[in-house]
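Accompanying notes for the structure given below.
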Amino acid sequence: SLNDEAGNGPAVASPSHDGRAPAHGGRARFDYLIVGAGFAGSVLAERLARGLDKRVLLIDRRPHIGGNAYDHLNDDGLLIHRYGPHIFHTNSQQVVDYLSRFTGWRPYEHRVLAQAAGQLVPIPINRTTVNRLYGLDLDEAGVATFLKSKAEPVAEVRTSEDVVVGAVGRELYETFFRGYTRKQWGLDPSELDRSVTARVPTRTNDDDRYFGDKFQMMPLHGYTRMFEAMLDHPNITLALGSDHRTVAREVRYDRLIFTGPVDEYFDFRFGRLPYRSLRFRHETVDREWFQPVGVVNYPAEEVAHTRITEYKHLTGQSHPRTALTYEYPSAEGDPYYPVPKPENAALYRQYQALADATPGVHFVGRLATYRYYNMDQVVGQALALYGRLAEAEAKGGTG
Ligand code: FAD
Ligand code: UDP
15 SLNDEAGNGP
25 AVASPSHDGR
35 APAHGGRARF
45 DYLIVGAGFA
55 GSVLAERLAR
65 GLDKRVLLID
75 RRPHIGGNAY
85 DHLNDDGLLI
95 HRYGPHIFHT
105 NSQQVVDYLS
115 RFTGWRPYEH
125 RVLAQAAGQL
135 VPIPINRTTV
145 NRLYGLDLDE
155 AGVATFLKSK
165 AEPVAEVRTS
175 EDVVVGAVGR
185 ELYETFFRGY
195 TRKQWGLDPS
205 ELDRSVTARV
215 PTRTNDDDRY
225 FGDKFQMMPL
235 HGYTRMFEAM
245 LDHPNITLAL
255 GSDHRTVARE
265 VRYDRLIFTG
275 PVDEYFDFRF
285 GRLPYRSLRF
295 RHETVDREWF
305 QPVGVVNYPA
315 EEVAHTRITE
325 YKHLTGQSHP
335 RTALTYEYPS
345 AEGDPYYPVP
355 KPENAALYRQ
365 YQALADATPG
375 VHFVGRLATY
385 RYYNMDQVVG
395 QALALYGRLA
405 EAEAKGGTG
């Protein structure tokens, strides 16, 4: 065991009704301690428990499962996402098949409008956006020619500024991307990898969906219900409100799966990896609808929030009132986003080398592998790790 020397502390036997690890109870020994009950930790807990019959202790320092995808009914009975809007989209049949074991789905195609020049126009930029902003009536070919005439040649597309300026020119870049990005990241787009703004495509047709993926839908009864179904297994012991450091001292386990920030695991040995945070302002307003679509973006730098989400569009809930979340980017607070830029990648590589050289510990998920991953990518990454663990097991190896 990795922590045999700590093996005489109080053992966790089973979760009590409030999910906290009881300080008493029979001595327990787990095959795996999994830190973090978000997508990465929950998928692995489910797979190891059901697929390999392993005994798993799954912990989270928060008082709930689901990680950043956690949703719940607010005081008004409206389903909201505590950590901002989570829309499921993927091209992976494997990920859809896997999650479909735990939830049904509600078809939902996400649409976003941006407040620009006093009006609400589609983002990603499409034919409508161009025609509305410039008072034109161009067809698809006309929009392509128009954007080409505006685009600035960029020798090597390296940054998040290059991506947009090279596709649509400086004016549309400033209207939609410069201010939004400076707020969201506290950095100029010229300082961020191209992968950040490349998440948002440019279109010349009328497609106004935010995502182009083959599968776009929401878990029928929400994310938390899906996680509950996933974790409902006798081999899984759940301890909420439990920090890794404390639990690791108190329980015995053979292997560790860590889904928190990788720099924290190693006591910030090489310095802090920057993670961007957000402050969320949740409110219910006393009217049936607030805005025409699920999310409205506010790219102007003078407006403090980046976007407002109205959940009923996402959830399909009927209710006389409506719940909103405003997002205010922040350097302080829970880590939500890795910050994609070259220096951070270099610092992460140092931690990654250390992680690779730490036997019996596996790092997985958005925070632990410092990757700007969507939910489906985290599920895919977790299933891939499970595949490797199962294979090692079949070979009788210890990994
Ligand atoms: P997390 O969900 O962050 O889970 C990690 C868990 O580990 C946390 O609950 C944390 O409390 C716990 N933890 C960390 N350290 C410790 C410790 N030392 N001890 C105990 N517990 C610990 N993805 C999409 O696909 N679509 C979207 O629309 C979308 N929107 C998003 C909007 C926002 C505002 C944010 C922030 C993210 C969004 N994402 C979206 C990304 C999505 O949230 C992530 O891909 C996914 O939740 C990552 O899962 P994870 O398990 O890696 O990490
Ligand atoms: N972005 C922008 N303006 C927009 C939408 C996105 O500048 O109207 C940029 C911004 O840098 C943002 C990135 O594109 O952080 C990725 O956007 P996405 O909506 O994917 O962000 P997320 O939902 O992950 O916060």
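Numbering (our numbering), first residue to last: 15 to 413. Glycine included, each C-beta is placed from N, C-alpha and C at the ideal position. Computed from a predicted structure; not experimentally measured.
A residue is called buried when at least 16 other Cβ atoms come within 10 angstroms of its Cβ; R321 meets this threshold and is buried. Non-local C-beta neighbours of E175 in its own chain, meaning closer than 6 Å and more than five positions away in sequence, comprise P203, S204, ordered along the chain. In this structure V299 is exposed. Its beta-carbon is surrounded by fewer than 16 other beta-carbon atoms within 10 angstroms. Boundaries of the beta strand (DSSP E) around Q230: 229–233. Taking the C-beta atoms as reference points, Y325 is found nearer than 9 Å to H95. Residue burial is scored here from C-beta neighbours: T159 has fewer than 16 other C-beta atoms within 10 angstroms and is therefore classed as exposed. Here K355 is near L206, since their CB atoms are less than 9 Å apart. Around the CB of R301, fewer than 16 other CB atoms lie within 10 Å, so the residue is classed as exposed. Cβ contact annotation for A63 (same chain, cutoff 6 Å, sequence separation greater than five): V70, H247, N249, I250, in chain order. Counting only residues of its own chain and dropping the five nearest sequence neighbours on each side, G118 has a CB closer than 7 Å to the CB of L234.
Contact check for F44 against E123 fails: the beta carbons are separated by 9 Å or more. The residue from G91, L368, L113, Y97 with its alpha-carbon nearest to that of M231 is L113. With fewer than three CB-CB distances shorter than 8 Å, the stretch 357–366 does not count as touching the stretch 323–342. With a threshold of 8 Å, the Cβ atom of F190 counts as near the ligand UDP, since some heavy atom of the ligand is closer than that. Here R172 is exposed. Its C-beta has fewer than 16 other C-beta atoms within 10 Å.
The residue from W303, G180, D89, T260 with its alpha-carbon nearest to that of A165 is G180. A408 carries a helical assignment under DSSP once its states are collapsed to helix, strand and coil. Between Q129 and Y312 a beta carbon distance of about 5 Å is seen, short of the 8 Å cut, so the two are scored as contacting. Taking a C-beta distance under 9 Å as the contact criterion, L93 and V310 do not qualify as a contact pair. The shortest CA-to-CA distance from L287 to any of H103, F190, E407, T383 is the one to T383. Burial is judged here by how many other beta carbons sit within 10 angstroms of a residue's own beta carbon; E264 has at least 16 and is buried.
Secondary-structure assignment with DSSP links Y351 through a beta bridge to R290.
Beta-bridge annotation (DSSP): Y267 is paired with F44. Around the Cβ of Q198, a 10 Å sphere holds 16 or more other Cβ atoms; the residue is buried.
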